[in-house]
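Here is the structure we will look at.
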Amino acid sequence: MKNILQGIVNYRANHNEAWPDTLDDIHEDLYSPLEELIENPYTHDNPGYEYVKPRKDADPATTAVLFQLRDGKQDLSLEAGYGDGRVLPYRAQ
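If you read the sequence shown in the working numbering, its first letter stands for residue 726, the second for the next number, and so on.
The following block contains the structure:
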């Protein structure tokens, strides 16, 4: 999850703070191929994460953008990834 989030942070840094449309857009900003990162090691879902593109003006520090999947659905009891690269318990906005 941290590696995918770092790809999102890198993408934003390289694209005038624009959010990627999909995770496919960050492939050049990752250190490993997305295919190697997309399986969730905890739930074993593949894909194991869902990216939700936030509003253009969303604050990266308070906006969850990457959610863990369990049985193909967002599991909000698991940690979420925030736009600033942190992984924290999900906080409803």
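For glycine and all other residues, C-beta sits at the position ideal for the given N, C-alpha and C.
Bear in mind the structure is a predicted one, so any value in this text is a computation, not a measurement.
(request) Out of Q793, P745, N728, N739, state which residue places its alpha-carbon closest to the alpha-carbon of P779. (result) P745
(request) Identify the continuous beta strand (DSSP E) that holds Y774 and give its terminal residues. (result) First-last of the beta strand (DSSP E) with Y774: 774-776.
(message) The alpha helix (DSSP H) that contains A786, what's its start and end?
(response) A786 -> no alpha helix (DSSP H), and no H or E assigned at all.
(message) Whole angstroms are fine: how far does the CA of L755 sit from the CA of N735?
(response) 8 Å
(message) Beta-carbon within less than 6 Å of D770's beta-carbon, same chain only, minus the 5 sequence neighbours each way: which residues are those?
(response) Residues of the same chain with a CB within less than 6 Å of the CB of D770, apart from the 5 flanking positions on each side, are L794 in chain order.
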